[in-house]
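One structure is given here, and the rest of the page talks about it.
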Amino acid sequence: MRIRLISVASRMPRWVEQGYQEYAKRLPPDLPLELVEIPLATRGKNADVSRLMRREGEQMLAAVQPGERIVTLEVTGRAWSTETLAEQLELWRLDARNVNLMVGGPEGLAEDVSARSDQRWSLSPLTLPHPLVRILLAEQLYRAWTILNRHPYHK
């Protein structure tokens, strides 16, 4: 099984890339975390934001292969504790399908992406900046893996 973080965003600062990579590289080879960046369309003063979101959503869904699991990150999704995430990770591994974690742009996810979701996950009721979401997701996936493998990191 492979986990893909599919995220609509502009170029991230170096510290974000370093933070994300620090946790992604800790995951074992049989549970790789791959980042797929969908370029954020320029949003000018008169931009048709709904059209831009639809196009970004189409690009996100194009990165998903048929039969793969889609987990959307949405404020209205279900909040998971770290232990619940570990349980989810184990269920995903048993299911043996690749998992795609979908993070939308500044206005959220396109409706088509939400509609295709197998699960909706809320990291927090707070609005989190994209750079922190990327690092937080990688760290929490690593932490969930350490729980499942009784690794001392979680303690």
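Reminder that position 22 of the sequence shown reads as 22 in UniProt numbering, one-by-one numbering, no gaps. Positions of the beta carbon are idealized from the N, C-alpha and C atoms, including for glycine.
The beta-carbon distance between Arg54 and Ala115, rounded to whole angstroms, is 12 angstroms. This is too long to meet the 8 angstroms contact definition.
If you draw a 10 Å sphere on the C-beta of Leu132, you find fewer than 16 other C-beta atoms in it, and that means exposed. The beta carbon of Ile70 lies closer than 7 angstroms to those of Val64, Asn100, Met102, Arg116, Ser117 and Asp118 in the same chain, with the five residues before and after it left out.
Taken atom to atom, the span from the alpha-carbon of Thr146 to that of Leu126 is near 26 angstroms. For Ser122 against Thr82, the beta-carbon gap comes to about 14 angstroms, at or over 8 angstroms, which does not count as contact.
Apart from the 5 residues on each side of it in sequence, Met12 sits with its Cβ closer than 6 angstroms to the Cβ of Pro131 in its chain, given in chain order. The straight-line gap separating the alpha-carbon atoms of Ile6 and Glu37 is approximately 6 angstroms. At the C-beta level, Leu35 and Tyr23 stay beyond 8 angstroms of one another. It is roughly 24 angstroms from the alpha-carbon of Ala41 to the alpha-carbon of Arg120. Minimum Cα-Cα distance from Ala9 among the listed residues Met1, Arg51, Ala47 and Gly57 corresponds to Gly57. In the three-state DSSP reduction, Arg69 falls in the strand class (E or B).
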